[in-house]
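Chains as they are written, first to last, in the working numbering: chain D, 183 to 524; chain U, 183 to 524.
There are 2 protein chains.
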Amino acid sequence: MKKVSISDIARKAGVSVSTVSFVMNDKAVKMRISREVIEKVENVAREMGYRPNQLARGLRTGKTKTIGLIVENISNAFFATLAKTIEDEAKKYDYKVVYCSTDNDDEKARDLINMLSQRQVDGYIITPTPELAQEIRKLQAENKPVVLIDRYFPEFNEIPAVLVDNYEGVAAGTEYLVGKGYRKIAIVTIENEMAHMKDRLRAYYDVLRRHDIAVDETLVNIVPYHAGRDKSLQQIQDLFKGAGTSIDAVFFLTNYLGVLGIEAIKNMQIRIPGQLALLCFDDNDIFRLYTPTISVIRQPIEAIGQKAMATLIERLKHTGSEVYPGADPIQLLPELIARESI
Amino acid sequence: MKKVSISDIARKAGVSVSTVSFVMNDKAVKMRISREVIEKVENVAREMGYRPNQLARGLRTGKTKTIGLIVENISNAFFATLAKTIEDEAKKYDYKVVYCSTDNDDEKARDLINMLSQRQVDGYIITPTPELAQEIRKLQAENKPVVLIDRYFPEFNEIPAVLVDNYEGVAAGTEYLVGKGYRKIAIVTIENEMAHMKDRLRAYYDVLRRHDIAVDETLVNIVPYHAGRDKSLQQIQDLFKGAGTSIDAVFFLTNYLGVLGIEAIKNMQIRIPGQLALLCFDDNDIFRLYTPTISVIRQPIEAIGQKAMATLIERLKHTGSEVYPGADPIQLLPELIARESI
DNA sequence: GATATGAACTAAATCGATTTAGCGAATAAA
DNA sequence: TTTATTCGCTAAATCGATTTAGTTCATATC
Numbered sequence: 183m184k185k186v187s188i189s190d191i192a193r194k195a196g197v198s199v200s201t202v203s204f205v206m207n208d209k210a211v212k213m214r215i216s217r218e219v220i221e222k223v224e225n226v227a228r229e230m231g232y233r234p235n236q237l238a239r240g241l242r243t244g245k246t247k248t249i250g251l252i253v254e255n256i257s258n259a260f261f262a263t264l265a266k267t268i269e270d271e272a273k274k275y276d277y278k279v280v281y282c283s284t285d286n287d288d289e290k291a292r293d294l295i296n297m298l299s300q301r302q303v304d305g306y307i308i309t310p311t312p313e314l315a316q317e318i319r320k321l322q323a324e325n326k327p328v329v330l331i332d333r334y335f336p337e338f339n340e341i342p343a344v345l346v347d348n349y350e351g352v353a354a355g356t357e358y359l360v361g362k363g364y365r366k367i368a369i370v371t372i373e374n375e376m377a378h379m380k381d382r383l384r385a386y387y388d389v390l391r392r393h394d395i396a397v398d399e400t401l402v403n404i405v406p407y408h409a410g411r412d413k414s415l416q417q418i419q420d421l422f423k424g425a426g427t428s429i430d431a432v433f434f435l436t437n438y439l440g441v442l443g444i445e446a447i448k449n450m451q452i453r454i455p456g457q458l459a460l461l462c463f464d465d466n467d468i469f470r471l472y473t474p475t476i477s478v479i480r481q482p483i484e485a486i487g488q489k490a491m492a493t494l495i496e497r498l499k500h501t502g503s504e505v506y507p508g509a510d511p512i513q514l515l516p517e518l519i520a521r522e523s524i
Numbered sequence: 183m184k185k186v187s188i189s190d191i192a193r194k195a196g197v198s199v200s201t202v203s204f205v206m207n208d209k210a211v212k213m214r215i216s217r218e219v220i221e222k223v224e225n226v227a228r229e230m231g232y233r234p235n236q237l238a239r240g241l242r243t244g245k246t247k248t249i250g251l252i253v254e255n256i257s258n259a260f261f262a263t264l265a266k267t268i269e270d271e272a273k274k275y276d277y278k279v280v281y282c283s284t285d286n287d288d289e290k291a292r293d294l295i296n297m298l299s300q301r302q303v304d305g306y307i308i309t310p311t312p313e314l315a316q317e318i319r320k321l322q323a324e325n326k327p328v329v330l331i332d333r334y335f336p337e338f339n340e341i342p343a344v345l346v347d348n349y350e351g352v353a354a355g356t357e358y359l360v361g362k363g364y365r366k367i368a369i370v371t372i373e374n375e376m377a378h379m380k381d382r383l384r385a386y387y388d389v390l391r392r393h394d395i396a397v398d399e400t401l402v403n404i405v406p407y408h409a410g411r412d413k414s415l416q417q418i419q420d421l422f423k424g425a426g427t428s429i430d431a432v433f434f435l436t437n438y439l440g441v442l443g444i445e446a447i448k449n450m451q452i453r454i455p456g457q458l459a460l461l462c463f464d465d466n467d468i469f470r471l472y473t474p475t476i477s478v479i480r481q482p483i484e485a486i487g488q489k490a491m492a493t494l495i496e497r498l499k500h501t502g503s504e505v506y507p508g509a510d511p512i513q514l515l516p517e518l519i520a521r522e523s524i
């Protein structure tokens, strides 16, 4: 049994295809279709279970009512929550979301943009990879609205971006550690050349300097992106060996690294916060449930998703009519959640 | 700047649209297009950044190279991993996956099927909700392959299903508890009328009976699906009050409930496994990292995803040509991971 | 020299919708 | 009675691809 099309309905109802289209799109009144015909068509459509083909509709109208969401990794709790928020938000505006992960690979990101472009999505929300600026410019040139999320390109502000205030978050966290009397504060971050991570690191340096604490570069630990689980864990455990002597606190700059940190303390049986204080950027179920509970800088994920979506919708509404004036990224404030690990 | 279409390429290259189509689809040789023309077209297409419109292609060919994946909740770790596996697997066969969540709501599930159907996906992988059988039959009638995942309808086997062997998993878990000497074994399960959960519960009863352990119905705790976090937690804490006296072990039948169990032991400071032994169906990061580590029955998520995808692809290949003979659900064996909580 | 064969392309139908322009009948205005 | 309007609906173009059935030359065959 084949799917029913608009012409099947037209034939069965004894009217033209156009009439069916008008009725299905609530333009019947405007086109002064008579009450009887409207009812006839609606009945036939219901009986036959007619569902308009969105490919045909999209082809004709140039709108698919779909937006493409590109994140780094959808199985990461942060991005999963973000995706869910965006999807819920999109539904309010009657848009559907298609999402996919880059794994922070430029090549993969380009492929995904390609794929979404071929599928004619109406707009994009993108967590960019380092070299993606060119590709995103092309989308703008094609008049497709784009909103960056979680990351941004400081050198070009033609594209709106929504993210947490990374600098403020890490500054607040570092201040908190300093305020609690810690001086030998180690940092664990992931290798990433992008601005949002530089902002985080910069905040750390600035706060130490502000308090006249000498910066010890051996305390700045950068985990290679492709190190793999075991190697990364090892690097953290090596750092932890100095607990109580060369370091007294560790600030993890990402969620993923913080979880590895927990594995490390578990493996090494380090007393937290006795021997070592712990703080992590970005919350996670585990941090709330672990013993001791882990203090975090919480990102306002829902707010980020909502703001990004609202920005995109705004641009979707008057697409082409006006050019985005360019603006600084929208940076939302994070929240310090003090738990037992400090 | 508008997007480039096939006719733009044709015009610029000075050939017909058909010729461009043949070149782009590697049918140039078969259609004996000359080497020069092929190169000309390829160059023009590359220069202009041509990317075929998949809506048009899908409309014409009737194939979108897309499959719809419907899960219960994409932000749940089990389904997130499953989705990732299926996506990776799909890519091998050159298919793209669109996924969405039902929240176990029949109405929502029907809407999602509708939406995917309108978008002309080629096939479906569905975690069904209780009343979804009719809707799925319609898809079959339209000649769209469907594979059920994680759950199934015992009363109709016309649709292939791939899932863990729930009965065996819970049987093995219960046997393990009994073998360790526990006799007052409580069960915590979620309210769900579907076969896979009934299978889990049935296994519990069967094993107790096999060991001549009297079943105490007060030990069987069913958490209402829409109870909400706090109420569910309360129900588990109420159960835990009997630790050491009326109960000596608790078997959580889902991941989500197990995590609540951890919150409960944390809140109540219960010694595990001293006062109470814990076992959970379906693994989770937290279970591996918590102190004590929690023993689990691990589902073979990757295998389930792969098998489901392979089954779907098989049906996609000869769509329409033959009817699925009908078969029992494919049930894959889970693995008991013994940790410290028993 | 007429005809058949083959090489290298192209025209046009098609998929299923939307949308503009227009047609015939009924009614109103002149 | 003729002309203009309004009503209620339809024909046909269009979106951007794929695909079948030709068409036009050039060459080979008899």
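Even for Gly, the Cβ is constructed at its ideal location relative to N, Cα and C.
Less than 8 angstroms between CB atoms is the rule here; does residue 448 of chain U satisfy it with respect to chain D? To locate residue 448 of chain U, count along the second sequence from 1; it is residue 266. Chain D contact via Cβ: present.
Answer with buried or exposed for residue 430 of chain U, where buried requires no fewer than 16 other C-beta atoms within 10 angstroms of its C-beta. Against the second sequence, residue 430 of chain U aligns to sequence position 248. When all chains shown are included, residue 430 of chain U counts as buried.
Exposure label - residue 347 of chain D; buried when at least 16 CB within 10 Å: As a first step, residue 347 of chain D must be located in the first sequence, where it is residue number 165. Flag for residue 347 of chain D reads buried.
CB of residue 538 of chain U within 8 angstroms of CB of residue 401 of chain U, strictly: In the structure as shown, chain U begins at 183 and stops at 524. Residue 538 of chain U is therefore absent and cannot be evaluated.
Taking Cβ positions, are residue 234 of chain U and residue 302 of chain D nearer each other than 8 angstroms? Translated into the one-based positions of the second sequence, residue 234 of chain U becomes position 52. Translated into the one-based positions of the first sequence, residue 302 of chain D becomes position 120. Contact flag unset, no.
Tell me whether the beta-carbon of residue 147 of chain U lies closer than 8 angstroms to the beta-carbon of residue 350 of chain U. The requested residue 147 of chain U does not occur in the structure, where chain U is confined to residues 183 to 524.
Using a Cβ-Cβ cut-off of 6 angstroms (strictly less than) and excluding sequence neighbours within five positions of residue 389 of chain U, which residues of its own chain qualify? Residue numbering aside, residue 389 of chain U sits at position 207 when the second sequence is read from its first letter. If we look at residue 389 of chain U and ignore the five residues flanking it on each side, its Cβ neighbours are 353, 356 and 357.
I'd like the span of the beta strand (DSSP E) that includes residue 431 of chain D, first residue to last. Along the first sequence, one-based indexing puts residue 431 of chain D at 249. For residue 431 of chain D, the enclosing beta strand (DSSP E) has its first and last residue at 431-434.
Thinking C-alpha only, which one of D:507, D:462, D:489 and D:511 is nearest residue 517 of chain D? Counting from 1 along the first sequence, the entry for residue 517 of chain D is found at position 335. When C-alpha distances from residue 517 of chain D are compared across D:507, D:462, D:489 and D:511, the shortest belongs to D:462.
CB-CB length for residue 322 of chain D against residue 329 of chain D, believed under 8 angstroms: On the first sequence, residue 322 of chain D is found 140 positions in, with the first residue counted as 1. On the first sequence, residue 329 of chain D is found 147 positions in, with the first residue counted as 1. Not confirmed; about 11 angstroms, so no contact.
Does residue 241 of chain U get closer than 8 angstroms to chain D when you measure Cβ to Cβ? Indexing the second sequence from 1 puts residue 241 of chain U at position 59. Yes - at least one Cβ of chain D is within 8 angstroms of the one on residue 241 of chain U.
Run the CB neighbour count on residue 338 of chain D, radius 10 Å, all protein chains shown included, and call it buried at 16 or more, exposed below. Residue 338 of chain D sits at position 156 when you count from the first residue of the first sequence. Per the 10 Å Cβ criterion, exposed.
Taking a cut of 7 angstroms between CB atoms, which residues from the region 295-308 of chain D lie near chain U? Those would be 296, 297, 299, 300, 301 and 302, in chain order.
Below 7 angstroms on C-beta distance, what does residue 233 of chain U contact in chain D? As a first step, residue 233 of chain U must be located in the second sequence, where it is residue number 51. Correct list: 296, 299 and 300.
Are at least three pairs of beta-carbons, each pair with one atom in the region 267-281 of chain U and one in the region 488-496 of chain U, less than 8 angstroms apart? Short answer: they touch.
Could you check whether the Cβ of residue 216 of chain U sits closer than 8 angstroms to any Cβ belonging to chain D? As a working note, residue 216 of chain U is residue 34 in the second sequence. Using a CB distance cut-off of 8 angstroms, residue 216 of chain U does not count as an interface residue toward chain D.
Quick check on DSSP: helix, strand or coil for residue 263 of chain U? As a working note, residue 263 of chain U is residue 81 in the second sequence. Three-state result, residue 263 of chain U: helix.
C-beta neighbour in chain U for residue 280 of chain D, strict 8 angstroms: Looking up residue 280 of chain D in the first sequence gives position 98. For residue 280 of chain D, the nearest beta carbon of chain U is closer than 8 angstroms to its own beta carbon.
Determine the closest residue to residue 405 of chain D out of D:397, D:398, D:415 and D:396, with distance taken between C-alpha atoms. As a working mapping, residue 405 of chain D is identified with position 223 in the first sequence. Looking at the Cα atoms, D:415 is the closest of the given residues.
Buried versus exposed, by CB contacts within 10 Å (16 or more), residue 397 of chain D: Counted from its first residue, the first sequence places residue 397 of chain D at position 215. Counting Cβ neighbours within 10 Å, residue 397 of chain D comes out exposed, since fewer than 16 surround it.
Kindly indicate the opening and closing residues of the alpha helix (DSSP H) around residue 339 of chain U. Here the question's residue 339 of chain U lines up with position 157 in the second sequence. Taken as a continuous stretch (DSSP letters only), residue 339 of chain U belongs to no alpha helix (DSSP H), as it is neither H nor E.
Assign residue 378 of chain U to one of two classes, buried (16 or more other C-beta atoms within 10 Å of its C-beta) or exposed (fewer than that). For this step, residue 378 of chain U is matched to residue 196 along the second sequence. With 16 or more neighbouring CB atoms inside 10 Å of its own CB, residue 378 of chain U falls in the buried class.
Thinking just about the alpha-carbon of each residue, which of U:453, U:466, U:425 and U:247 is nearest to the one in residue 438 of chain U? The residue given as residue 438 of chain U occupies position 256 in the second sequence. Residue nearest to residue 438 of chain U within the set U:453, U:466, U:425 and U:247 is U:466 (criterion: CA-CA distance).
With DSSP as the reference, identify every bridge partner of residue 513 of chain U, one or two as the case may be. The sequence position of residue 513 of chain U within the second sequence is 331, counting from 1. DSSP lists U:345 as partners of residue 513 of chain U.
For the pair the region 206-219 of chain U and the region 212-219 of chain D, tell me if three or more CB-CB distances fall below 8 angstroms. Taking a contact to require three or more Cβ pairs closer than 8 angstroms, the region 206-219 of chain U and the region 212-219 of chain D do not qualify as touching.
Just tell me which of D:326, D:241 and D:332 has its CA closest to the CA of residue 286 of chain D. The residue given as residue 286 of chain D occupies position 104 in the first sequence. With distances taken between Cα atoms, residue 286 of chain D lies closest to D:332.
DSSP three-state label for residue 461 of chain D, please. Stepping through the first sequence from its first residue, residue 461 of chain D is reached at position 279. Under the three-state reduction of DSSP, residue 461 of chain D is assigned to strand.
Check whether the Cβ atoms of residue 253 of chain D and residue 265 of chain D lie closer than 8 angstroms to each other. Translated into positions along the first sequence, residue 253 of chain D becomes position 71. Translated into positions along the first sequence, residue 265 of chain D becomes position 83. Yes, they are a contact pair.
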